[in-house]
Amino acid sequence: MYSRTAKVHATLGDHRAAAEQYALAATARPADTYARIVALDLVAGAEMHLKRGSIEQACATWHRAIDHMGGVRSVRTRKAISRMRGDLTRFRARGLRCVAELDERGRDFLSGV
Numbered sequence: 001m002y003s004r005t006a007k008v009h010a011t012l013g014d015h016r017a018a019a020e021q022y023a024l025a026a027t028a029r030p031a032d033t034y035a036r037i038v039a040l041d042l043v044a045g046a047e048m049h050l051k052r053g054s055i056e057q058a059c060a061t062w063h064r065a066i067d068h069m070g071g072v073r074s075v076r077t078r079k080a081i082s083r084m085r086g087d088l089t090r091f092r093a094r095g096l097r098c099v100a101e102l103d104e105r106g107r108d109f110l111s112g113v
């Protein structure tokens, strides 16, 4: 329910409300049973934070998403991490610590470390 509501908000351009709904979606499911789905809800929330210009919040949410991806290997999670690294490209030159740490974590995830 929350995830669908988030998608409606995102389609309407209300990225703040979408991020809130994705966060609710992630907490509404048992993480141990639905780790991939929780991770992907968090990824979507991070993308909404990024669209709002909240890079620190986006990084924190992406870190939580990667935490939930431990032991989960799927095409969708790999694509999400690849997309995240691409989204971070424009922020790397700013020297933001959260971006550098997240990018390294994404690189490690994709390499299977």
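First residue of the sequence shown? That's 1 in full-length UniProt numbering, and the numbers climb one at a time after it.
Positions of the beta carbon are idealized from the N, C-alpha and C atoms, including for glycine.
Given the structure is predicted, the values throughout are model-derived calculations rather than measurements.
First and last residue of the alpha helix (DSSP H) that includes residue i?
| i | result |
| --- | --- |
| Leu42 | Ala35 to Lys51 |
| Val8 | Tyr2 to Thr11 |
| Leu88 | Val75 to Arg92 |
| Leu24 | His15 to Ala28 |
Count the other C-beta atoms from every protein chain shown that fall within 10 angstroms of the C-beta of residue i, then say buried if there are 16 or more, exposed otherwise.
| i | result |
| --- | --- |
| Leu110 | exposed |
| Leu12 | exposed |
| Arg105 | buried |
| Gly86 | exposed |
| Ser3 | buried |
So, residue i versus residue j, is the Cβ gap smaller than 7 angstroms?
| i | j | result |
| --- | --- | --- |
| Ala19 | Met48 | yes |
| Phe91 | Ile37 | no |
| Met69 | Ala39 | yes |
Can you tell me which of the three DSSP states residue i falls into?
| i | result |
| --- | --- |
| Met69 | coil |
| Asp103 | helix |
| Asp108 | helix |
Which one of the options has the shortest CA to CA distance from residue i?
| i | options | result |
| --- | --- | --- |
| Leu42 | Thr77, Arg52, Gly71 and Gly112 | Thr77 |
| Arg97 | Ile66, Ala6 and Ala58 | Ala58 |
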